[in-house]
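The sequence shown begins at -17 in this note's numbering and counts up by one.
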Amino acid sequence: MARSTSPVIDSRPDRFSLSGFVFRQAQALLGFAIFLLLALAVAALATWNVTDPSYSYATGNPPANVLGYGGAAFADIAMQFFGLASVVALLPVVAWALALISGRRMSRLPQRAGAWALGSVLSSAVIGCFPPPLTWPIPNGIGGVIGDMILRFPALFVGAYPSGAFATAVGGVFALPTAWMMLFAAGIVGRTEAEEDEGDALGAMPSKARSVGDADEDEDDEGGGWLAFGALTHAWYMSQARMRRILGMAPRKRRQSDFESPYDFNDDEFGTLNEPVRAKAPAGRSERLEPSMEPRVSSPRRVVSAPSISLDDDDGEVPFDSDMPPRPADILPDDDEDDWMIRAPAKAAGGKPEPRVVPQISRPKPGARIERESQASFIRPEGFQLPSIHLLAEPKNFIRDTSLSADALEQNARMLEGVLEDFGVKGEIIHVRPGPVVTLYELEPAPGIKSSRVIGLADDIARSMSAIAARVAVVPGRNAIGIELPNSTRETVYLRELIASRDFEGSKAKLAMALGKTIGGEAVIADLAKMPHLLVAGTTGSGKSVAINTMILSLLYRLTPEQCRLIMIDPKMLELSVYDGIPHLLSPVVTDPKKAVVALKWTVREMEERYKKMSKIGVRNIDGFNARVEQALAKGEAISRTVQTGFDRHTGEAMYETEEFDLQPMPYIAVIIDEMADLMMVAGKDIEGAVQRLAQMARAAGIHVIMATQRPSADVIPGTLTANFPTRVAFQLPSPIH
């Protein structure tokens, strides 16, 4: 019997082959991707706002577009150039996406792309013929810049922009070619005969193949489809296994019984188990040679294989009975597992989970400055040069105490849980965070346990844990109570590693100060400009002077004298005298309490002068003032204002004068008072009045006060003065700061 073959209607890969399957899936995926881009474009155009930050409108306000800055920029470009025609230009793209998803062929793609571009341009002219509404926010017409440019050519003949009946006629002339180009670009018109017949041919091809072809052709088509599906499934499992090996994941735990049949078979009924498995072709098919599979030997003591199964003969049919119970070997683990298998450690039933010990970051990550300064430079820098980080002491290798090991911390956590349970507080330690000085234990209390009850047990916890002291407080924003216990060995925190850290170098703070490390070992960076004033309290030897020196050095290592100036008042004549003579000082270090009053009053007058300058040029703070002055200096223009000086005696008209300002950027000023109690004893009223005015008003002028004292009591620092210092650092104190 002669075979009849179907005509070839497509030059693309065979639709039943693996390459054809992959091609169709990639084509559909591309269509869905185009649909996603269309949805994003429509969303950007639908939420377009002319006041959004874009290339044509500069503003600091956040964009109202749902896609953010990118969507605002895209919508602005589309509306400025094409106007409302930008929506019409998306219609052929929808047809392209549908063609890709449905698998329909489209020829002459370069011509259709060119027709789409030209049709988009002409559609701008068609839409531009309509008058814009009163609420149209841009100066161009609703056809955008391109539409206005095209409509200028008809205006050359009549001498005016098209309007009324003339605009309607021009729009009609442009509308016909625009519609044809859009339909041609979408593939609706201009299709070839092959494209017209493709849908019918693809629909009729299965029936023709069955009526004309014989059984061998059906076998080939069906076998090709299953082969493609099997190859794709095999590739998927291979990629999964490769990803597990790359990521270091443990392979799935396999048993020897996984390679065996889940049913018991007798050798008498099915023959020898060691025979190779050979699949037989079903009835009606030509016999094909299938690959033979040798039995897999998993252990020298046992050979595992599968019985010979025939797909069409009843003699060797396997009775797959659903009522047959599985073997016990499939439920219980086999003793002959492979050695490479990874077992998960068995967890005791009902056992309490171990607390999670968060590892400490031993050193902050160094920044680029220390690497830059480590290389010798043969070029002498111009201007002021910041001090080198190598002047500071290099951190020494710290040998961590064995009490901070993971096992010791977990043991302490269990002990702390027992101590709390002795006092009637039930809960669980969920995190243990070791730090350089203290270790934080995060307690998750049981339901019904009040936080005040746990906080009141601070002294009892310290006694039971044999610690010097314990601090208990609620962790903000979490359902946990923090319990801090001191370490047996304190780790020294070096200023050099804080100054050289990436956090300090990359900080956006105006007056950045490195204060130390967190419990996790990360650098703590604070901004004095946002505080805006700081009160430091602590007894002698508690670390107050170290904190003051750390703050001063942080400012010196980051800012030049043009950016920050200092006024230091040291009645004790010892702590701050080492800074005498540095270029950042506005005056020598003040040690006389009477001269301290003069220095503070000068600072008040400087604050008032700065406010006058800022009011003249219309800014609200020092940052706005410096930005305005730097902008004027960069452009080479002078800052001036016109003010009314009176009225003309004869005409009665207003008289104006132009006042020019010779302004320079103003530096920040940090006033550091080491001991407030000594100043209050000598000149209490004058000191209190000057410091209070600075604390109330000096923030916007860029003047900030750091005040240190040993006794933050009301007789030393009045309550009205303390209220203006919102930021406070407390060391060891005889009484709390109120």
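Even for Gly, the Cβ is constructed at its ideal location relative to N, Cα and C.
Bear in mind that the values here come from a model prediction, so they are computed numbers and not experimental data.
Among V419, I437, G430 and E399, which residue has its Cα nearest to the Cα of M447? As a first step, residue 447 is located in the sequence shown; it is residue number 465 there, counting from the start. The residue with the shortest Cα to Cα distance from M447 is E399.
Please work out which residues of its chain come closer than 6 Å, Cβ to Cβ, to A511, disregarding the five sequence neighbours upstream and downstream, and give them in chain order. Indexing the sequence shown from 1 puts residue 511 at position 529. Here the set comprises K492 and L493.
May I ask you to verify whether the region 61 to 70 touches the region 99 to 115, counting CB pairs closer than 8 Å and requiring at least 3? Using a C-beta cut-off of 8 Å, the region 61 to 70 makes contact with the region 99 to 115, since at least three inter-stretch Cβ pairs fall below that distance.
One question on the structure: do A682 and V586 come within less than 7 Å of each other, judged by their Cβ atoms? For the purposes of this step, residue 682 is taken as the residue at position 700 of the sequence shown. For the purposes of this step, residue 586 is taken as the residue at position 604 of the sequence shown. In this structure, A682 sits away from V586, with a CB-CB distance that is not shorter than 7 Å.
Would you report the Cα separation of V48 and T117, rounded to the nearest angstrom? Sequence index remark: in the sequence shown, residue 48 carries index 66 (1-based). Sequence index remark: in the sequence shown, residue 117 carries index 135 (1-based). One C-alpha to the other measures close to 22 Å.
For H632, does the three-state DSSP call read helix, strand or coil? Counted from its first residue, the sequence shown places residue 632 at position 650. In the three-state reduction of the DSSP assignment, H632 falls in the coil class.
Round the Cβ separation of F665 and V698 to the nearest angstrom and send it over; I've been treating them as touching at under 8 Å. Counted from its first residue, the sequence shown places residue 665 at position 683. Counted from its first residue, the sequence shown places residue 698 at position 716. For the record, residue 665 in the displayed sequence is Ala; it is not Phe. About 14 Å; that fails the 8 Å criterion.
Given a cut-off of 7 Å, decide if A81 and A167 are closer than it, judged by their beta-carbon atoms. By 1-based counting over the sequence shown, the position of residue 167 is 185. By 1-based counting over the sequence shown, the position of residue 81 is 99. The answer is no: Cβ separation not under 7 Å.
Bridge partners for G464 per DSSP, in chain order? Here the question's residue 464 lines up with position 482 in the sequence shown. The bridge partners DSSP lists for G464 are E424 and A455.
Of the choices K583, E591, L548 and M589, whose alpha-carbon is the least far from that of V571? By 1-based counting over the sequence shown, the position of residue 571 is 589. Nearest option by C-alpha distance: L548.
Can you list, in chain order, the residues of its chain with a C-beta nearer than 8 Å to that of M495? Leave out the 5 residues immediately preceding and following it. Residue mapping note: residue 495 aligns to position 513 of the sequence shown, counting from 1. Here M495 has I507, A508, D509, L510, T532, M533, S536 and L537 as same chain residues with Cβ atoms under 8 Å from its own Cβ, once five neighbours each way along the sequence are excluded.
With a 10 Å radius around its C-beta and 16 neighbouring C-beta atoms as the bar for buried, classify V454 as buried or exposed. As a working note, residue 454 is residue 472 in the sequence shown. Its Cβ being crowded by 16 or more others within 10 Å, V454 is buried.
Can you name, in chain order, every residue of its own chain whose Cβ lies under 6 Å from the Cβ of G417, other than the five neighbours on each side? Stepping through the sequence shown from its first residue, residue 417 is reached at position 435. Sequence-distant Cβ neighbours of G417 in its own chain, meaning closer than 6 Å and more than five residues away, are I501.
DSSP on R681, reduced to helix/strand/coil? In the sequence shown, residue 681 corresponds to position 699, counting from 1. Coil, per DSSP.
Buried or exposed for T521, please, with buried defined as at least 16 other CB atoms from any protein chain shown within 10 angstroms of its CB. One-based indexing of the sequence shown puts residue 521 at position 539. Exposed is the call here.
The ligand MG heavy atom lying under 6 Å from the CB of Y539: This structure does not include the ligand MG; it has no bound ligands of any sort.
Backbone CA spacing between A581 and E376 [nearest angstrom]: The count along the sequence shown starts at 1 and reaches residue 581 at position 599. The count along the sequence shown starts at 1 and reaches residue 376 at position 394. Cα to Cα, the separation comes out at about 37 Å.
I need the DSSP call for Q714, collapsed to helix, strand or coil. As a position in the sequence shown, residue 714 is number 732, starting the count at 1. Reduced to three states, the DSSP call for Q714 is coil.
Here's the rule I'm using: 16 or more other beta-carbon atoms within 10 Å means buried, otherwise exposed. How should N43 be labelled? On the sequence shown, position 61 is the one that residue 43 refers to. Label assigned to N43: exposed.
Please state the DSSP three-state secondary structure of Q393. As a first step, residue 393 is located in the sequence shown; it is residue number 411 there, counting from the start. Assignment of Q393 by DSSP, reduced to helix, strand and coil, places it in the helix class.
Express the C-alpha separation of V475 and V419 in angstroms, rounding to a whole number. If you number the sequence shown from 1, residue 419 lands on position 437. If you number the sequence shown from 1, residue 475 lands on position 493. Cα to Cα, V419 sits roughly 9 Å from V475.
Determine the DSSP secondary structure at F643, reduced to helix, strand or coil. In the sequence shown, the residue the question calls residue 643 occupies position 661. Secondary structure of F643 (DSSP, three-state): strand.
Using DSSP's beta-bridge definition, name the partner residues of P721. This structure leaves residue 721 out entirely; the chain is present only between -17 and 720.
Whole angstroms are fine: how far does the CA of S370 sit from the CA of V24? For the purposes of this step, residue 24 is taken as residue 42 along the sequence shown, with counting starting at 1. For the purposes of this step, residue 370 is taken as residue 388 along the sequence shown, with counting starting at 1. The C-alpha of V24 lies about 55 Å from the C-alpha of S370.
Could you tell me whether the Cβ atoms of I465 and Y423 are closer together than 7 Å? As a first step, residue 465 must be located in the sequence shown, where it is residue number 483. As a first step, residue 423 must be located in the sequence shown, where it is residue number 441. In this structure, I465 sits near Y423, with a CB-CB distance shorter than 7 Å.
What number of angstroms, rounded off, separates the C-alpha of G13 from the C-alpha of L541? What you label residue 13 is simply residue 31 of the sequence shown in a count that begins at 1. What you label residue 541 is simply residue 559 of the sequence shown in a count that begins at 1. When the Cα atoms are used, G13 and L541 turn out to be separated by approximately 56 Å.
So for L558, helix, strand or coil by DSSP? Counting from 1 along the sequence shown, the entry for residue 558 is found at position 576. Here L558 sits in coil by DSSP.
Exposure of F135, with buried meaning 16 or more beta-carbon neighbours within 10 Å: Start at 1 with the first residue of the sequence shown, and residue 135 comes out as number 153. Sixteen is the threshold: since fewer than 16 other Cβ atoms of the shown chains lie within 10 Å of the Cβ of F135, the residue is exposed.
Residues bridged to E410 by DSSP? Residue numbering aside, residue 410 sits at position 428 when the sequence shown is read from its first letter. E426, per the DSSP bridge assignment.
At a cut of 8 Å, does the region 683 to 694 reach the region 583 to 600 through at least three beta carbon pairs? Touching, yes.
Contacting residues, own chain, Cβ-Cβ under 6 Å from P543 (five flanking each side not counted): If you number the sequence shown from 1, residue 543 lands on position 561. Cβ neighbours of P543 within its own chain (closer than 6 Å, five residues either side excluded): P565 and H566.
Leaving aside the five residues before and after V414 along the sequence, list all residues of the same chain whose C-beta is less than 6 Å from its C-beta, in chain order. Along the sequence shown, read from residue 1 onward, the residue named residue 414 stands at position 432. Around V414: P337, V339, L391, A395 and Y423.
Taking 8 Å as the threshold, find out whether the region 616 to 625 comes into contact with the region 637 to 651 through three or more Cβ pairs. Segment contact: the region 616 to 625 against the region 637 to 651, three or more CB-CB distances shorter than 8 Å; contact assigned.
Secondary structure of P700, DSSP reduced to three states: Here residue 700 is taken as the residue at index 718 of the sequence shown, counted from 1. Annotated three-state conformation of P700 is coil, per DSSP.
Does T709 come within less than 7 Å of chain D when only Cβ atoms are used? Absence of chain D from the displayed structure is noted, only one protein chain being present.
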